[in-house]
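> Position one of the sequence shown corresponds to residue 1421 (this note's numbering), numbered consecutively onward.
Input: one structure, supplied below.
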Amino acid sequence: MEKDIIRKDRKKEHIEHYLKSTYRNYTLFEDIYIEHNSLPELNFAEIDTRTNFLGKVVEYPIMINAMTGGTEFSREINRELSKIAKKYNIPMAVGSQTIALKNKDSHKSFKIVRETIGNNGVIIANLSGYASVEEAKYAMDILDADGIQLHLNPAQELVMREGDRDFKGILENIANMITSVEKPVIVKEVGFGISRDVVQRLHKVGVRYVDISGKGGTNFIEIEDGRNDEMDFSDIYSWGIPTALSLIQCKDIGEDLKIISSGGIKTSLDILKSLILGAHMVGIGGMILRKLIEDGYEVADKYMEGLIYKLKVLMALTGSKNIEELKNTPYKIKGVLKDLVE
Ligand SMILES: Cc1cc2nc3c(=O)[nH]c(=O)nc-3n(C[C@H](O)[C@H](O)[C@H](O)COP(=O)(O)O)c2cc1C
């Protein structure tokens, strides 16, 4: 089979295996305790959730994270997800555009996102950390993107039979990208978290946006294991850095560093806690995809509406009338997370 066709089918298989996955890991947000405020000096109607992201104002600090593109099937998914992104004026990233570098037919499955969202919304391109500067510019042009995500996914590649095995030179490649690409570059994981040491190395070479994409949600070891019948990887499904731990360890590396919290974000409480712990933006992947595919657009839309409304409820209950105030909310760390942080 031609490599492009394998890649297109792989994207569909990822979704199928994601929907079948059952193994449960934890983000450890459950170990963050936030106190209730019975005397919030504010008017609920005046709560301001707006934030600045990649040079534009967005209505909520919530984004739809990178998932799909390439085929007709994923064009439909991207269309539905971008309708939600437009409705609530939140950012959206597309899935890996590697296919689009070689196959022009695939472009429409990505372009649909800009067509649906329009010029005012934030849209983010996506390629791997190996991508060249020309490839990154090409991928961004397809979407008229506001920035690009470069994904780091060694765990996924190593479980994938046809995956990459040589991870040398990625940091140097990213460093070069930062100086050559005008738009913001976000370095992201795909669900295994990023350690403090890695974020420090990224920050040193100029990376200012990191999506930690930690453990607790989508599990690409399990997904790739489902596609690989040569070996059973189920004994390492627990691998990775829980999202809350990754966030705590990386948030104070630089004042100019913006962290996107993602990986296992399901509820407005996860979003609230991410913001209180220092995230600039919070990404949702698998949960909204599952709602969309299994229950349809209306349910996915209602889910986003609920997340947003309940985020405002929780902001009120911490006495925060905007995101800046929310970030000053005190919190306590308990249980397993406390042991790991210490
Ligand atoms: C079906 C599927 C496909 C994905 N494809 C990509 C991708 O192409 N590029 C990427 O950077 N991340 C990809 N991701 C990872 C997500 O962007 C996110 O980092 C990860 O799923 C953790 O978030 P979640 O637990 O909310 O899903 C994909 C996730 C899913 C569920």
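Yeah, the Cβ is synthetic: ideal placement off N, Cα and C, and Gly gets one too.
Treat the numbers as computed from the prediction; the structure is a model and nothing was measured.
1. Our contact map puts PRO1481 next to LEU1677 with C-beta atoms below 8 Å; I'd like the distance itself, whole angstroms only.
2. Where does GLU1422 sit, in a helix, a strand or coil, going by DSSP?
3. Cβ of LEU1709 within 7 Å of any heavy atom in ligand 1?
4. Can you give the Cα-Cα distance for LEU1563 and ASN1539, rounded to whole angstroms?
5. List the whole-angstrom C-beta distance separating LEU1712 from LEU1501, where the pair is believed to meet the contact cut-off of C-beta under 8 Å.
6. Would you say the beta carbon of GLN1569 is closer than 7 Å to some non-hydrogen atom of ligand 1?
7. Classify SER1600: buried if its beta carbon has 16 or more other beta carbons within 10 angstroms, exposed otherwise.
8. Rounded to whole angstroms, what's the CA-CA distance from ARG1764 to LEU1622? Just pull it up for me.
9. Applying the criterion that 16 or more other CB atoms from any shown protein chain within 10 Å of the CB defines a buried residue, is PHE1530 buried or exposed?
10. Specify whether the region 1656-1666 and the region 1717-1729 touch according to this definition: at least 3 beta carbon pairs, one from each stretch, less than 8 Å apart.
11. For GLN1620, which residues of its own chain have a beta-carbon under 7 Å away from its beta-carbon, when the five flanking residues on both sides are left out?
12. Pair every Cβ in the region 1601-1610 with every Cβ in the region 1581-1588, then say whether three or more of these pairs are closer than 8 Å.
13. In this structure, does DSSP put ILE1484 in helix, strand or coil?
14. Consider the C-beta atom of LYS1443 and the heavy atoms of ligand 1; say whether any pair is separated by less than 7 Å.
15. State the beta-bridge partners of LYS1779 as determined by DSSP.
16. By Cβ distance below 6 Å, which residues in the same chain neighbour ARG1636 in space, the five residues on each side in sequence not counted?
17. Report the rounded CA-to-CA distance for GLU1422 versus ALA1513, giving the unit in angstroms.
18. Find the nearest neighbour of GLY1567 within the set ARG1499, ILE1497 and LYS1476, judged by alpha-carbon distance.
19. Name, in chain order, the residues that DSSP records as bridge partners for MET1701.
20. Measuring only the C-alpha atoms, how far is TYR1558 from LYS1758?
21. For TYR1729, which option in ASP1451, MET1597, ASP1631 and ILE1467 has the closest C-alpha, if you only look at C-alpha atoms?
22. With 16 as the cutoff for other CB atoms within 10 Å, does ALA1465 come out buried or exposed?
23. What is the rounded straight-line gap between the Cα of GLU1455 and the Cα of LYS1693?
On the basis of the data shown:
1. The Cβ separation is near 16 Å, so there is no contact.
2. The predicted position of GLU1422 is uncertain, since its pLDDT is 47 and thus under 50; a value taken from the coordinates is nonetheless stated next. Residue state, collapsed to three classes: coil.
3. Remark: the C-beta of LEU1709 is in contact range of ligand 1, defined as less than 7 Å to any heavy atom.
4. Approximately 10 Å between the Cα atoms of the pair.
5. About 7 Å separates the CB atoms of LEU1712 and LEU1501; that is less than 8 Å, so the two are in contact.
6. At least one heavy atom of ligand 1 is nearer than 7 Å to the Cβ of GLN1569, so yes.
7. Its Cβ having fewer than 16 others within 10 Å, SER1600 is exposed.
8. One cannot answer for residue 1764 here, as it falls past the ends of the chain, which runs 1421 to 1762.
9. It is buried - the Cβ of PHE1530 has at least 16 other Cβ atoms within 10 Å.
10. Taking a contact to require three or more Cβ pairs closer than 8 Å, the region 1656-1666 and the region 1717-1729 do not qualify as touching.
11. Excluding residues within five positions, the ones whose Cβ falls inside 7 Å are ILE1673.
12. No contact exists between the region 1601-1610 and the region 1581-1588.
13. The answer is strand: DSSP assigns ILE1484 an E or B state.
14. Per the sequence shown, the amino acid found at residue 1443 is Tyr instead of Lys. No.
15. Residue 1779 lies beyond the stretch modelled for the chain, which goes from 1421 to 1762, so this question has no answer here.
16. The sequence given here has Gly at residue 1636, not Arg. Hits under 6 Å: ASN1445, TYR1446, THR1447, PRO1662, THR1663, GLY1683 and GLY1684.
17. With a pLDDT of 47 at GLU1422, under the threshold of 50, the modelled position of this residue cannot be trusted; read the value that follows with caution. Taking the straight line joining both Cα atoms gives about 27 Å.
18. The shortest Cα separation from GLY1567 among ARG1499, ILE1497 and LYS1476 belongs to LYS1476.
19. Note: MET1701 sits in a beta bridge opposite ILE1680.
20. Put simply, the backbone Cα of TYR1558 is about 44 Å away from that of LYS1758.
21. Selected option, being the one with the closest Cα: ILE1467.
22. Here ALA1465 is exposed, its C-beta having fewer than 16 other C-beta atoms within 10 Å.
23. The C-alpha of LYS1693 is placed about 11 Å away from the C-alpha of GLU1455.
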